[in-house]
Amino acid sequence: MTTYAIIGSGAIGSALAERFHAAGVDAVIANTRGPASLQPITDRFGSAVNAVELEQALRSDVLILAVPYDAVPEIAERKADWNGRTIVDATNAIDFPAFKPRDLGGRLSSEIVADLFPGAQLVKAFNTLPAAVLAAEPVKASGKRVLFLSGNYPEASKKVADLIARLGFAPSDLGSFKASGSLQHFGQPLVALNLLRD
Ligand SMILES: NC(=O)c1ccc[n+]([C@@H]2O[C@H](COP(=O)([O-])OP(=O)(O)OC[C@H]3O[C@@H](n4cnc5c(N)ncnc54)[C@H](OP(=O)(O)O)[C@@H]3O)[C@@H](O)[C@H]2O)c1
């Protein structure tokens with residue numbers, strides 16, 4: 127059975143915990159401060175979402191990065207080989223306080239993140255909706271909330287699309303990073319776009 131970890135317990139990590147719990151999909155969650163700090167989350171979502179140390183969370187099959195973009199390298203450095211893992215990049219590369227896309231010299235942030243996890247297959251997902259929208263019930267009378275994903279490994283994208291569907295959303299796979307370009311990245315048209323598919 128595929129195991130899932132939510133890395134980060136802030137706005138996006140908490141939103142994901144809520145959706146995993148609502149859908150009855152088991153996951154672990156970790157942050158920098160350890161399981162005791164996650165009690166507010168486990169009090170609400172503990173029947174599906176289990177708080178663990180970061181090291182344990184990083185042993186899961188599918189790791190959702192719900193951390194600041196600048197925190198990704200220190201997570202990646204914890205292992206030399208990420209073979210067999212699916213990394214789901216929910217981060218956005220933002221310059222604060224300007225709240226503008228980071229200048230990455232023309233590269234996509236997810237390509238940079240992918241390079242940090244040798245052996246892993248990276249999929250970009252869960253980065254386009256504000257946390258409060260991601261946390262909300264995705265099934266409405268008029269349709270299911272759309273979640274975009276993209277990545278260079280069709281098998282990994284299928285795995286993440288299946289997870290997105292299990293969580294109640296309508297996955298919309300944009301294909302490879304070459305095909306989708308920067309559409310799903312911060313500052314581009316699909317970010318903050320809240321669509322329902324009927
Ligand atoms: N907020 C949104 O509406 C939104 C929407 C779309 C995408 N995003 C993106 O999603 C990501 C997370 O955003 P957020 O708003 O959820 O951030 P946040 O509320 O600041 O939470 C960040 C979380 O990351 C954890 N963290 C930081 N460094 C870590 C490390 N080295 N190892 C493990 N965990 C670490 C923090 O742990 P501690 O709790 O221990 O400090 C915290 O739980 C960002 O890249 C952001 O751009 C955010």
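Sequential numbering of the sequence shown, starting at 127, is according to the numbering used here. All residues carry an ideal CB built from backbone N, CA and C; glycine is no exception. Quick caveat: nothing in here was measured; it's all calculated off a predicted structure.
Gly136 is bridged by DSSP to nothing; it lacks a bridge partner. Relative to ligand 1, the nearest heavy atom lies less than 7 Å away from the CB of Glu200. Per the Cβ contact rule, the region 155-164 is in contact with the region 174-181 (3 or more Cβ pairs under 8 Å).
Lys285 carries a helical assignment under DSSP once its states are collapsed to helix, strand and coil. Within 10 angstroms of the beta-carbon of Ala251 lie 16 or more other beta-carbons, which makes it buried. Nearest Cα to Val259 within the set Leu142, Ile190, Gly134, Thr128: Leu142. Spanning the alpha carbons of Lys284 and Ser236 requires a straight line of approximately 17 Å. Arg323 is bridged by DSSP to Lys270. For a cut-off of 8 Å, the C-beta gap from Pro227 to Phe303 is around 16 Å, too long to register as a contact. Pairing Ile167 with Ala224, the inter-Cα distance amounts to about 31 Å. Check the Cα spacing between Ala305 and each of Val286, Leu319, Pro280: the tightest is with Pro280. Beta-bridge annotation (DSSP): Gly294 is not paired with any residue. If you compare the alpha carbons of Arg271, Pro256, Lys266, Val151 with that of Gly172, the shortest gap goes to Val151. Under the three-state reduction of DSSP output, Lys250 falls in the strand class. Between ligand 1 and the CB of Tyr130, the shortest heavy atom gap is not smaller than 7 Å.
Taking all protein chains shown into account, Thr212 has 16 or more neighbouring C-beta atoms within 10 Å of its C-beta and is therefore buried.
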